[in-house]
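Counting in the working numbering, the sequence shown runs from 22 upward without gaps.
Each residue gets a CB set at the ideal place from its N, CA and C atoms; glycine is no exception.
From a predicted model like this one, the values you see are computed outputs, not experimental measurements.
Heads up: the structure comes next, in structure tokens.
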Amino acid sequence: MWPDKCESICGFNEFHCNQQVHEPVSSDDFVAIEKLLILKSFFCMEIPKKLALLDVVEISFISYFRKVSQRLPEQIDFEFTEREKNKTVFSSRGARGAMNALAATNRNFKLASRLLGLDSKLEKSLLIPFREIKASKISSCVECTIPKDDGTLQSYVGFRVQHDNARGPMKGGIRYHPEVDPDEVNALAQLMTWKTAVANIPYGGAKGGIGCNPADLSISELERLTRVFTQKIHDLIGTHTDVPAPDMGTGPQTMAWILDEYSKFHGYSPAVVTGKPIDLGGSLGREAATGRGVLFATEALLNEHGKGVSGQRFVIQGFGNVGSWAAQLISEKGGKVVAVSDISGAIKNSKGLDIPSLLEHSKKHKGVKGFHGGDPISPDSILVEDCDVLVPAALGGVINRENANEIKAKFIVEAANHPTDPEADEILKKKGVVILPDIYANSGGVTVSYFEWVQNIQGFMWNEEKVNNELGNYMTKGFKDVKEMCKTHDCDLRMGAFTLAVNRVARATILRGWEA
22 MWPDKCESIC GFNEFHCNQQ VHEPVSSDDF VAIEKLLILK SFFCMEIPKK
72 LALLDVVEIS FISYFRKVSQ RLPEQIDFEF TEREKNKTVF SSRGARGAMN
122 ALAATNRNFK LASRLLGLDS KLEKSLLIPF REIKASKISS CVECTIPKDD
172 GTLQSYVGFR VQHDNARGPM KGGIRYHPEV DPDEVNALAQ LMTWKTAVAN
222 IPYGGAKGGI GCNPADLSIS ELERLTRVFT QKIHDLIGTH TDVPAPDMGT
272 GPQTMAWILD EYSKFHGYSP AVVTGKPIDL GGSLGREAAT GRGVLFATEA
322 LLNEHGKGVS GQRFVIQGFG NVGSWAAQLI SEKGGKVVAV SDISGAIKNS
372 KGLDIPSLLE HSKKHKGVKG FHGGDPISPD SILVEDCDVL VPAALGGVIN
422 RENANEIKAK FIVEAANHPT DPEADEILKK KGVVILPDIY ANSGGVTVSY
472 FEWVQNIQGF MWNEEKVNNE LGNYMTKGFK DVKEMCKTHD CDLRMGAFTL
522 AVNRVARATI LRGWEA
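So, in structure tokens, the structure goes:
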């Protein structure tokens with residue numbers, strides 16, 4: 022039922038939503054929409070689906086909004102802010118602007134929670150991070166001051182977002198990058214909660230990092246910075262509390278420093294971090310884990326459609342650790358990788374690239390550019406190359422409304438985090454493109470991190486065959502679980518994965534004694 026207070030506060034009633042636009046509309050309508058959406062966010066008011074724009078992309082209301090905006094005399098941009106301070110921008114053309122990673126993650130979470138019929142208070146509880154350690158006006162930052170090699174002092178800001186621990190210790194990477202975005206890291210921490218739940222491993226989600234450029238720091242400076250950061254957060258992480266891992270700008274050596282510094286306070290604790298060097302308790306198979314998980318996920322998807330990897334044409338955007346391992350393993354299974362790209366450039370060969378030779382070239386020349394076994398193409402065109410399976414394995418937000426209509430792939434396997442914008446999702450869905458979502462498709466890495474954690478706790482190391490076999494079992498079972506949720510809720514794979522994850526976390530939260 023339409024809430025009376027909506028109309029009294031906003032001057033915007035149900036009729037406005039359903040009417041056809043025949044008369045000029047003033048900018049007051051936009052103000053009304055903004056007020057209504059903010060009211061909805063703050064008071065969790067039930068409003069008609071046609072106005073639930075920040076949660077469900079309703080074509081009917083998009084159409085209405087487009088008609089309204091076309092009648093405005095001025096170019097007006099409106100920015101609507103929800104309670105979680107997620108931004109979604111609309112232009113006077115009525116098109117939806119780029120949605121950041123946090124807003125997109127929250128949108129998918131809310132859609133899933135509505136399919137599951139979660140209590141609104143429980144929904145809020147699951148959305149809010151357990152703890153945030155970052156630079157802001159409302160929380161103290163972790164300031165890491167170190168002596169540089171030249172004797173000067175330099176301060177850096179570190180942070181850690183711990184999202185949820187209902188199902189176990191929080192888990193997520195630490196990144197070193199000069200433009201670390203708190204919203205993005207918050208989104209990635211939340212994604213880790215859902216990713217670990219989809220994989221059905223006993224973790225919650227976390228993410229963190231330091232605002233620095235590792236390329237500008239010497240090895241000794243990086244070590245000092247890592248040790249100071251560990252000193253600041255050692256009482257907030259732990260084997261059964263929060264288990265960091267490598268991410269952008271960090272690696273096994275960084276984890277080794279964290280392990281050593283943490284152990285000074287708490288005794289030798291190899292399970293406090295994963296992604297360690299083998300000699301310090303790292304797991305065999307970890308380096309290839311995310312790429313191998315992408316292969317297993319792709320096999321499960323194609324088998325569902327009566328196909329196999331062999332003979333399928335693949336385009337892989339990104340040729341770093343994940344993309345290169347995925348390309349190598351797909352090629353070994355008989356898949357034909359027809360185009361790849363990385364930061365240096367992009368190449369294609371319609372007959373299939375020689376992946377072993379390309380890997381050797383990339384290692385020697387630090388990129389795929391100049392490889393003689395393929396023709397150079399524009400990196401911007403890699404996503405719209407003709408293929409059966411597109412594997413975005415680089416940055417987020419690369420598939421958007423600008424290129425979604427041009428994508429020729431029948432299947433998209435999201436090896437990167439958040440590569441597809443919500444609006445592109447809708448466009449691709451209408452085209453019949455099947456998207457295997459990131460929270461399932463790239464969960465191979467965190468799954469093998471879990472195996473490393475288990476091995477450290479047991480004090481017993483697995484061989485690589487066991488690691489790979491167990492990963493295959495987890496990925497295969499994960500796909501079946503996602504498909505089951507798709508059938509139950511009549512939804513696509515992304516929403517199937519989110520409903521599976523949110524349901525598992527919500528159940529754990531309730532069983533542990535959550536109270537409204």
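Exercise. Going by beta carbon distance, what residues of the same chain come within less than 6 Å of Glu485, once the five residues before and after it are set aside?
Worked result: If you number the sequence shown from 1, residue 485 lands on position 464. Leu305 and Gly306, listed in sequence order.
For this session: Would you tell me roughly how many angstroms separate the C-alpha atoms of Ile68 and Gly453, rounded to the nearest one?
Result: As a first step, residue 68 must be located in the sequence shown, where it is residue number 47. As a first step, residue 453 must be located in the sequence shown, where it is residue number 432. Legend: pLDDT at Ile68 = 39, less than 50; position of this residue unreliable, value from coordinates given subsequently. Roughly 30 Å separates the two Cα atoms.
Exercise. Among residues of its own chain, excluding the 5 on either side of Trp474, which ones have a beta-carbon nearer than 7 Å to its beta-carbon?
Worked result: What you label residue 474 is simply residue 453 of the sequence shown in a count that begins at 1. Here the set comprises Val264, Ala292 and Thr295.
Exercise. Do Val503 and Gly480 come within 7 Å of each other at the CB atom, strictly closer than that value?
Worked result: Here the question's residue 480 lines up with position 459 in the sequence shown. Here the question's residue 503 lines up with position 482 in the sequence shown. It is not a contact, given that the beta carbons lie outside the stated cut-off.
Exercise. Comparing alpha-carbon positions, which option in Pro298, Gly138 and Thr217 lies nearest Gly225?
Worked result: Numbered from 1 along the sequence shown, position 204 holds the residue referred to as residue 225. The candidate whose alpha carbon is nearest that of Gly225 is Thr217.
For this session: With DSSP as the reference, label Thr311 as helix, strand or coil.
Result: The residue given as residue 311 occupies position 290 in the sequence shown. In this structure, Thr311 counts as helix in the three-state DSSP scheme.
For this session: Check Pro223 in the structure and name its three-state DSSP category.
Result: Your numbering for residue 223 matches position 202 in the sequence shown. In the structure shown, Pro223 sits in coil (DSSP, three-state: anything other than H, G, I, E or B).
For this session: Might you give, ordered along the chain, the residues of its own chain that have their beta carbon closer than 6 Å to the beta carbon of Ala116, omitting 5 neighbours on each side?
Result: Position 95 of the sequence shown, counted from the first residue, corresponds to residue 116. Low confidence applies here, because Ala116 scores a pLDDT of 31, under 50, leaving its location unreliable and the question unanswered by this model.
Exercise. Hey, is the segment 443-463 in contact with the segment 505-515, meaning 3+ C-beta pairs nearer than 8 Å?
Worked result: Contact between the segment 443-463 and the segment 505-515 is present, because at least three Cβ pairs lie under 8 Å.
Problem set entry | For Asp170 and Leu521, the rounded distance between their alpha carbons | Along the sequence shown, one-based indexing puts residue 521 at 500. Along the sequence shown, one-based indexing puts residue 170 at 149. Rounded to the nearest angstrom, the two C-alpha atoms are 50 Å apart.
Exercise. What are the boundary residues of the beta strand (DSSP E) that Ile279 is part of?
Worked result: Within the sequence shown, the letter at position 258 stands for residue 279. Looking at the DSSP string, Ile279 is not in any beta strand (DSSP E); the run it does join, the alpha helix (DSSP H), is Pro273 to His287.
Exercise. Are there 16 or more other CB atoms within 10 angstroms of the CB of Asp511, so buried, or fewer, so exposed?
Worked result: One-based indexing of the sequence shown puts residue 511 at position 490. Exposed, by the Cβ-count rule.
Exercise. In the DSSP assignment, what residue or residues form a beta bridge with His198?
Worked result: Taking the sequence shown and counting its residues from 1, one reaches residue 198 at position 177. Note: His198 sits in a beta bridge opposite Gly232.
For this session: Would you give the residue range spanned by the alpha helix (DSSP H) that Gly344 belongs to?
Result: For the purposes of this step, residue 344 is taken as the residue at position 323 of the sequence shown. Element bounds for Gly344: Asn342 to Glu353.
Exercise. Is there contact between the segment 486-500 and the segment 274-286, where contact requires at least three CB pairs shorter than 8 Å?
Worked result: The segment 486-500 makes no contact with the segment 274-286; the number of CB pairs closer than 8 Å stays below 3.
Exercise. Taking the beta strand (DSSP E) that Arg181 falls in, what are its first and last residues?
Worked result: Taking the sequence shown and counting its residues from 1, one reaches residue 181 at position 160. Per DSSP, Arg181 belongs to the beta strand (DSSP E) from Leu174 to Asp185.
Problem set entry | Contact check, Glu282 vs Thr260, beta carbons under 7 Å | Within the sequence shown, numbered from 1, the residue matching residue 282 stands at position 261. Within the sequence shown, numbered from 1, the residue matching residue 260 stands at position 239. When the beta-carbon positions are compared, Glu282 and Thr260 stay at least 7 Å from each other.
Exercise. Would DSSP call Gly499 helix, strand or coil?
Worked result: Here the question's residue 499 lines up with position 478 in the sequence shown. Helix, per DSSP.
Exercise. Taking the C-alpha atoms as reference points, what is the distance between Gly329 and Leu323?
Worked result: Within the sequence shown, numbered from 1, the residue matching residue 329 stands at position 308. Within the sequence shown, numbered from 1, the residue matching residue 323 stands at position 302. Those two C-alpha atoms are separated by around 5 Å.
Exercise. Where do the N-terminal and C-terminal ends of the beta strand (DSSP E) with Leu457 fall, by residue?
Worked result: Walking along the sequence shown from the start, residue 457 turns up at place 436. Taken as a continuous stretch (DSSP letters only), the beta strand (DSSP E) holding Leu457 covers Val455 to Leu457.
For this session: May I have the straight-line CA-CA distance separating Gly394 from Lys372, to the nearest angstrom?
Result: Stepping through the sequence shown from its first residue, residue 394 is reached at position 373. Stepping through the sequence shown from its first residue, residue 372 is reached at position 351. When rounded, the distance between both Cα atoms is 10 Å.
Exercise. Can you round the beta-carbon distance between Tyr197 and Gly230 to whole angstroms, since I take them to be within the 8 Å contact cut?
Worked result: For the purposes of this step, residue 197 is identified with residue 176 of the sequence shown, where counting begins at 1. For the purposes of this step, residue 230 is identified with residue 209 of the sequence shown, where counting begins at 1. Your pair Tyr197 and Gly230 checks out as a contact, with CB atoms roughly 6 Å apart and the cut at 8 Å.
Exercise. Considering only the beta carbon of each residue, do Val4 and Gly499 sit closer than 7 Å?
Worked result: Outside the modelled stretch of the chain, which goes from 22 to 537, sits residue 4, for which no answer is possible.
Problem set entry | Extent of the continuous alpha helix (DSSP H) run through Val469 | Residue 469 sits at position 448 when you count from the first residue of the sequence shown. Bounds of the alpha helix (DSSP H) holding Val469 are Gly465 to Gln479.
Problem set entry | For Thr262, three-class secondary structure by DSSP | Locating residue 262 in the sequence shown gives position 241, counting from the first residue. In the structure shown, Thr262 sits in coil (DSSP, three-state: anything other than H, G, I, E or B).
For this session: In the DSSP assignment, find the unbroken beta strand (DSSP E) run with Glu144 in it and report its ends.
Result: By 1-based counting over the sequence shown, the position of residue 144 is 123. Here Glu144 belongs to no beta strand (DSSP E); instead the alpha helix (DSSP H) covers Ser141 to Leu148.
Problem set entry | Bridge partner(s) assigned by DSSP for Glu423 | For the purposes of this step, residue 423 is identified with residue 402 of the sequence shown, where counting begins at 1. Answer is none; Glu423 lacks a bridge partner.
For this session: With a threshold of 16 other CB atoms inside 10 Å of the CB of Phe286, please say whether the residue is buried or exposed.
Result: Reading the sequence shown from its first residue, position 265 is the one you call residue 286. So Phe286 ends up on the exposed side.
Problem set entry | CA nearest to the CA of Ile403, picked from Ile364, His382 and His439 | Counting from 1 along the sequence shown, the entry for residue 403 is found at position 382. Scanning Ile364, His382 and His439 for the CA closest to the CA of Ile403 turns up Ile364.
Exercise. Once you ignore the five residues that flank Val358 on each side, which residues in its own chain have a CB closer than 7 Å to its CB?
Worked result: As a first step, residue 358 must be located in the sequence shown, where it is residue number 337. Answer for Val358: Phe335, Ile337, Ala348, Ile351, Ser352, Gly373, Leu374 and Ile376, listed in chain order.
For this session: Would you check whether the ligand GDP has a heavy atom nearer than 6 Å to the C-beta of Val455?
Result: By its list of ligands, the structure shown contains no ligand whatsoever, and the ligand GDP lies outside what it can speak to.
For this session: For Ile240, count neighbouring Cβ atoms within 10 angstroms of its own Cβ and tell me buried if that reaches 16, exposed if not.
Result: Along the sequence shown, one-based indexing puts residue 240 at 219. Label assigned to Ile240: exposed.
Exercise. Does DSSP classify Asp401 as helix, strand or coil?
Worked result: On the sequence shown, position 380 is the one that residue 401 refers to. Of the three classes helix, strand and coil, the one that applies to Asp401 here is helix, per DSSP.
Exercise. Rounded to a whole number of angstroms, what is the C-alpha to C-alpha distance between Phe519 and Asn129?
Worked result: Within the sequence shown, numbered from 1, the residue matching residue 519 stands at position 498. Within the sequence shown, numbered from 1, the residue matching residue 129 stands at position 108. The alpha-carbon atoms of Phe519 and Asn129 are separated by roughly 7 Å.
Exercise. Which of the three DSSP states, helix, strand or coil, is assigned to Pro443?
Worked result: For the purposes of this step, residue 443 is identified with residue 422 of the sequence shown, where counting begins at 1. Helix, per DSSP.
Exercise. Does the Cβ of Pro235 have 16 or more other Cβ atoms within 10 Å, making it buried, or fewer, making it exposed?
Worked result: Residue 235 sits at position 214 when you count from the first residue of the sequence shown. Under this definition Pro235 is a buried residue.
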